[in-house]
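A.B. asks: When you line the sequence shown up against the working numbering, it's residues -14 to 634, in that order.
Sharing a structure, written as structure tokens. Questions coming.
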Amino acid sequence: MVLNAHSYYSLRYGTIPIAELADLLIEKGHSSIVLTDINNTSGSLEYVKTCQEKNIKPILGVEFKTEEETLFIGIARNNEGFRELNELLTYSHLNKLPYPNESSFNQCYVIYPYGKKQVQDLKENEYIGIKPKHLNKIIFDRHNHAKYVIHQSVVFKDAKGFDIHKNLRAIDNNLLASQLQVQQYAEQADYFVSYQELLKIYQEFPVLIENTRNIIEDCRFDFDVKAPKNKKTFTGDRYQDLLLLENLALEGLRYRYGEDNQVAQSRIRKELEIIDNLGFCSYFLITWDIIRHSMSKGFYHVGRGSGANSVVAYCLKITDVCPIELDLYFERFLNPKRKSPPDFDIDYSWKDRDKVFSYIFKKYGSRHTALLGAMSTFRDKSIIRELGKIHGLPKSEIDALVNNPSDSFHQNQITRHILSHYKSVAEFPNVRSIHAGGILISEEPITNYVALDLPPKGFQTVQFDMYTAEDIHFDKLDILSQRGIGHIKEAVEIIQKNKGITVDIHDIEKFKTDEKLKQQIKTSDTIGCFYIESPAMRGLLKKLRCDNYLSLIAASSIIRPGVAQSGMMRQYIYRFNNPDKFEHLHPVLEEQLKETYGVMVYQEDVLKICYHYADLDLGDADILRRMMSGKHRTKKQLDEIISKFFSNA
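In structure tokens form, the structure reads like this:
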């Protein structure tokens, strides 16, 4: 019976996380409620996924609101209605226009606040919301009740939630809490009312109860969370996609490996089978298309991340890393058991990246293309600072409170209030932002899933973040920026101008065998070279007498904080320089980690040990690798894989 519920995605207004909202719905005896966050649909699909997991019927809507007032509430009758809501939000955001005072929806119910419109002016799908405080005013106009519905807003759970809400409103308006005006925050009655309590409040108005129930029963949102959302084909036909990808891979094979490399051919066949079975041909081809275009414009790129584990990607020039030479497993990038979608990370010069974005938007269409959003959240220290400011504390006291919150000096009414609330707000969404480089290309119009913003970057951006994209099976491309890449391009141009020599920057084998280059690295003469120019890195290169590609890769890995702090860097340096003065822990480590002297240096090593020592298949091994990197949601899944590891071992 609740047609106007806000989650914490009503930024600096709502106080209830999505999961808690669904739990409260059940606890309070409702069969369903309508999520109507203010001017956004950021949490809509997270709400749908959560409701499906809890066997609840999800209903989606939006509260269209200015700073001064609510204009109307739109409630989607179905998927088309949800698209209409997203389209209206998107149109206003992209064109920097105010929201209209009236709706023009075909597949949405519309609820106007009491007093906003006359009953005779309403369309068939429009109603007037009656809050409990309005009931005395409508007793004598029962002829209008057919156009009235229950309007119980939900903003917070209880009295503490109301306090949190007022603090958020003060932060949002940049005011002292004591300066907040009544119209700037929700009413104290906007808590989560139980189903039975609502029936009791409106018991004298059965028509309102019936109208509200009819709206809830009529609305239905069908959404397959697990179905892939990306553009399904590159050529228009899945089989033709496979043929094109196969031809491109075999053409690239000759460039990378020559005419008769049976190992590479076998690896390509294996990868193509997995890529096709999992429906990733179009993803590879779209990435290849972007690379092809950027190379035609003279833009240099670097493909990195787990995509470098693919020989197909290597042959398509998406990356310049040979997975066969480095013994990289394709399953780290793509395997049937991988729960989260993989992505290619492609770096460009900061000068070229926006041109690449422009090509992608033009090629694949603005209705199907958008940058990925991000959500800036409240953090512990930032929350204390924000709460301290709205309660009038001077900076010195805020600093002291941040640095030592348990100090007895802080035992006063204001600081106790701050310290009792700041943990409740931790990780609340604060500001919608933009992902570092993620881009989505969808089969259906993007507005089928979410509304779009237009941040200063100038490219339309979805209102949800990478975690929601991952949950609903949207596979992003990461088009990233790195200043050093621009210098590589300039170096190639300078060599061409001064020496008349054309350098193929993708012909990595020539660089690996260049004697002068080897000597420079061995003597740590690497100033100006990205990633290997820091004092610590140059010192490490000297200790390893690094003069080859594999040692350089190992050096760039063991200097990372996790490896270095664990003692593995020290152990690697010792074993590198004393190969006959240590014993391997196990023959499997000796065989599989011989290039790194039995030290687990790379994430890839986790796959090798799980596969060869614990007899896990590569799919399970990759799940464990991701979990060890912190990329997991549930401890239960981690425990299951660990149990299988020890059982097999």
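C-beta atoms are modelled at their ideal positions from N, C-alpha and C, and glycine is treated no differently.
Nothing here was measured: the structure is a model prediction, and the numbers come from that model.
Secondary structure at R262, three-state DSSP: helix, strand or coil?
C.D. replies: The residue you asked about is not Arg; residue 262 is Asn in the sequence shown. Three-state result, N262: helix.
A.B. asks: Mapping DSSP to helix, strand and coil, what is A174?
C.D. replies: coil
A.B. asks: Which residues does DSSP pair with H286 in a beta bridge?
C.D. replies: Y333
A.B. asks: Assign K579 to buried or exposed, taking buried as 16 or more other Cβ atoms, counted over all protein chains shown, within 10 Å of its Cβ.
C.D. replies: Looking at its Cβ environment, which holds fewer than 16 other Cβ atoms inside 10 Å, K579 is exposed.
A.B. asks: Determine the contact status of L73 and F49, defining contact as a CB-CB distance below 9 Å.
C.D. replies: yes
A.B. asks: Exposed or buried, which one is V410 when buried takes at least 16 other CB atoms within 10 Å?
C.D. replies: Classification of V410: buried, given that the 10 Å Cβ count is 16 or more.
A.B. asks: Leaving aside the five residues before and after N63 along the sequence, list all residues of the same chain whose C-beta is less than 8 Å from its C-beta, in chain order.
C.D. replies: Q92, C204, R205, F206 and D207
A.B. asks: If you draw a straight line from the alpha carbon of D222 to that of L437, how long is it in whole angstroms?
C.D. replies: 29 Å
A.B. asks: Going by other Cβ atoms of all chains shown within 10 Å of its Cβ, with 16 needed for buried, is D245 buried or exposed?
C.D. replies: exposed
A.B. asks: Distance check for K442 and Q588, CA to CA, integer angstroms please.
C.D. replies: In a straight line, the C-alpha of Q588 is about 34 Å away from that of K442.
A.B. asks: Considering only the alpha carbon of each residue, which of L6, S(-5) and V306 lies closest to V178?
C.D. replies: Selected option, being the one with the closest Cα: L6.
A.B. asks: Can you list, in chain order, the residues of its chain whose CB lies under 8 Å from that of K503, leaving out five sequence neighbours each side?
C.D. replies: D532 and N533
A.B. asks: Would you decide whether H(-9) is buried or exposed? Buried here means 16 or more other CB atoms lie within 10 Å of its CB.
C.D. replies: buried
A.B. asks: When you compare each of A155, I627 and D463 to Q164 by their alpha carbons, which one comes out closest?
C.D. replies: A155
A.B. asks: Determine the direct distance from the alpha carbon of I345 to that of I331, and round the result to whole angstroms.
C.D. replies: Rounded to the nearest whole angstrom, the C-alpha separation of I331 and I345 is 13 Å.
A.B. asks: Which complete beta strand (DSSP E) runs does the region 378 to 453 hold, if anything under 3 residues is left out?
C.D. replies: 414 to 426
A.B. asks: Throw me the rounded Cβ distance for the H597 and D305 pair, which I believe falls under 8 Å.
C.D. replies: Not really, about 28 Å apart at Cβ, beyond 8 Å.
A.B. asks: Three-state secondary structure (DSSP) at N110?
C.D. replies: Coil, per DSSP.
A.B. asks: Identify the continuous beta strand (DSSP E) that holds I60 and give its terminal residues.
C.D. replies: T55 to A61
A.B. asks: Answer yes if the region 275 to 290 comes into contact with the region 250 to 259, meaning at least three C-beta pairs across the two stretches below 8 Å, and no otherwise.
C.D. replies: no
A.B. asks: What three-state label does DSSP hand K102 in the structure shown?
C.D. replies: coil
A.B. asks: Here's the rule I'm using: 16 or more other beta-carbon atoms within 10 Å means buried, otherwise exposed. How should L537 be labelled?
C.D. replies: buried
A.B. asks: Under the criterion of a Cβ to heavy atom distance below 8 Å, does T487 qualify as lining the ligand GTP?
C.D. replies: This structure lacks the ligand GTP, and indeed carries no ligand of any kind.
A.B. asks: For V95, name the three-state secondary structure that DSSP assigns.
C.D. replies: strand
A.B. asks: Of the residues I544, D312, K593 and K217, which one's Cα is nearest the Cα of I426?
C.D. replies: Of the listed residues, the one whose Cα sits closest to I426 is K217.
A.B. asks: Suppose the cutoff is 8 Å on Cβ atoms and the five residues either side in sequence are ignored; what does the same chain contact list for Q173 look like?
C.D. replies: F147
A.B. asks: Using only the alpha-carbon positions, how far apart do G373 and I403 sit?
C.D. replies: 7 Å
A.B. asks: When we look at the beta-carbon of Q448 and count the other beta-carbons within 10 Å, is it buried (16 or more) or exposed?
C.D. replies: By the neighbour-count rule (16 or more Cβ atoms within 10 Å), Q448 is buried.
A.B. asks: Determine, using beta carbons only, whether V(-13) and V139 come nearer to each other than 9 Å.
C.D. replies: yes
A.B. asks: Pair every Cβ in the region 536 to 553 with every Cβ in the region 502 to 519, then say whether three or more of these pairs are closer than 8 Å.
C.D. replies: yes
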